[in-house]
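Numbering (my numbering), first residue to last: 10 to 405.
Right, here's the structure in full:
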């Protein structure tokens, strides 16, 4: 297992879109990722941020520090203030430009709003910002396939801010407010249990020009380990041909059987035991999921714990019996986790149905990710959360 501890501050925010009324999933995805979503990714990159994960209807972003300032505490402090202000200004700009996105012409529900005789779908954005230390982990390795994970206090702050946030708002943590001071205007949130505050205005900030990374053939070859098999054959194709599609798949959500808080606190207590535990669990996951020819799609650590999403039915290994394969994989994972941890706390949720599969994010030269989206994805996640410890829960 490879791991890298980032002993410096990172600013993050989450981007969450709420659907008020819809029974037309495909129209929702076209709007979110085909227009406003693409421009949002560009906006984040233009402010020096990096989208590290597309988590369903959320974006997880970081503003990494200048690595040349490790030995200069005074410059580190100034750099952190600049990064925090960049993230805050970016979040406010996103709210102004894309905080409410509307799609006319979709038949939604009988009670949906109508404009000029047409149905109208409204999407709203919430943003939360945290600042602090994080760790980047690189795990796995089976069949040359790796997974990466960002975890730490800054992300937990951002998740708690999002929980305190209402649509069309930007909320920052108490730690971020202390750094920014009078560079922003604030409003208190009486209901916040951790001192999060609402930001209504941020001072202007100078955006640096960021050069694109020079990708050598050797680096490109190493990066293929992080790319799902479903899109590897298309890497050399024009981006216009990377179209999304609706597919019938089985989604498996797994809550991993270890204490995620130990990962979150890795910057405070660098414990190699937890790193070894994560690697062993991911090794088991890859071994079992690939045995039944499924795909690992997401590995996240958030305020709900450590979660992995696997999908059966994605190209190039789709089968008529993918639901059966998914159930067999879930049962074998249950047994294998018990061998790793005598009192395993793993919980698994399964659901089958039609989902959107394809690339979301930016355009050529920007940040993109292959994923699946839809009601069955949400259902599998809910079934996992309802499953008892060391058990599998099945849905439709």
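Beta carbons: idealized from backbone N, C-alpha and C, even for Gly.
Item, Value
"Near residue 340, which residues of its chain fall below 7 angstroms by C-beta distance, leaving aside the five closest residues on each side in sequence?", "401"
"Does the count of Cβ pairs from the region 255-267 and the region 346-360 closer than 8 angstroms reach three?", "yes"
"Could you tell me the boundaries of the beta strand (DSSP E) in which residue 193 lies?", "193-197"
"Counting only C-beta atoms, is residue 133 closer than 8 angstroms to chain D at any point?", "The structure shown contains no chain D; it holds only a single protein chain."
"Alpha carbon to alpha carbon, how far is residue 387 from residue 366?", "14 angstroms"
"Should residue 197 be labelled buried (16 or more other beta-carbon atoms within 10 Å of its own) or exposed?", "exposed"
"The alpha helix (DSSP H) spanning residue 291 covers which residue range?", "281-300"
"Using only CA atoms, which one of 57, 305, 76 lies nearest to residue 70?", "57"
"Look up residue 151 in the DSSP assignment and say whether it is helix, strand or coil.", "helix"
"I need the straight-line Cα distance from residue 147 to residue 225, nearest angstrom please.", "21 angstroms"
"What would DSSP say about residue 402, mapped onto helix, strand or coil?", "strand"
"Can you tell which of 257, 321, 108 has its C-alpha closest to the C-alpha of residue 238?", "321"
"Roughly how many whole angstroms lie between the Cα atoms of residue 380 and residue 235?", "13 angstroms"
"Drop a sphere of 10 angstroms on the beta-carbon of residue 86, count the other beta-carbons inside from all chains shown, and report buried for 16 or more, exposed for fewer.", "exposed"
"Output yes or no for whether 8 angstroms exceeds the beta carbon distance between residue 206 and residue 101.", "no"
"Flag this pair as touching only if the region 161-170 and the region 86-99 have three or more C-beta atom pairs under 8 angstroms; answer yes or no.", "no"
"Could you please give me the residues that DSSP links to residue 178 through a beta bridge?", "135"
"For residue 214 and residue 192, what's the separation of their Cα atoms in angstroms?", "10 angstroms"
"Label residue 333 either buried or exposed according to how many other C-beta atoms from any shown protein chain fall within 10 Å of its C-beta, with 16 as the threshold for buried.", "exposed"
"Can you tell me whether residue 105 is buried or exposed, with buried defined as 16 or more other CB within 10 angstroms of its CB?", "exposed"
"Looking only at DSSP bridge pairs, what is residue 162 linked to?", "None; residue 162 has no bridge partner."
"Go through its chain and collect everything with a Cβ distance to residue 307's Cβ below 8 angstroms, but skip five positions before and after it.", "62, 64, 316, 317, 318, 380"
"Out of curiosity, what's the CA-to-CA distance linking residue 194 and residue 209?", "6 angstroms"
"Quick check on this structure: which residue in 282, 241, 398 has the alpha carbon closest to the alpha carbon of residue 344?", "398"
"Select from 177, 310, 187, 171 the residue whose C-alpha is nearest the C-alpha of residue 93.", "187"
"For residue 379, report the span of its beta strand (DSSP E) as first-last.", "377-382"
"Are residue 385 and residue 260 closer than 8 angstroms when you measure CB to CB?", "yes"
"Since residue 263 sits in a beta bridge, which residues does DSSP pair it with?", "317, 357"
"Suppose you measure from the CA of residue 30 to the CA of residue 107; what does that come to, to the nearest Å?", "Note that residue 30 has pLDDT 41, beneath the 50 cutoff, so the model's placement of it is unreliable and the number below is only indicative. When rounded, the distance between both Cα atoms is 18 angstroms."
"Whose C-alpha, out of 291, 338, 323, is nearest the C-alpha of residue 298?", "338"
"For residue 54 and residue 348, what's the separation of their Cα atoms in angstroms?", "44 angstroms"
"In chain order, what residues of the same chain have a beta carbon less than 8 angstroms from the beta carbon of residue 35, not counting five sequence neighbours either side?", "Note that residue 35 scores a pLDDT of 43, beneath 50, so its modelled location is shaky and nothing firm can be said."
"By the three-class DSSP mapping on this structure, what secondary structure does residue 306 have?", "strand"
"Here's the rule: buried if 16 or more other CB atoms are within 10 angstroms of the residue's CB, otherwise exposed. What is residue 135?", "buried"
"In the DSSP assignment, what are the bridge partners of residue 256?", "364"
"Residue 225 by DSSP, collapsed to three states: which one?", "coil"
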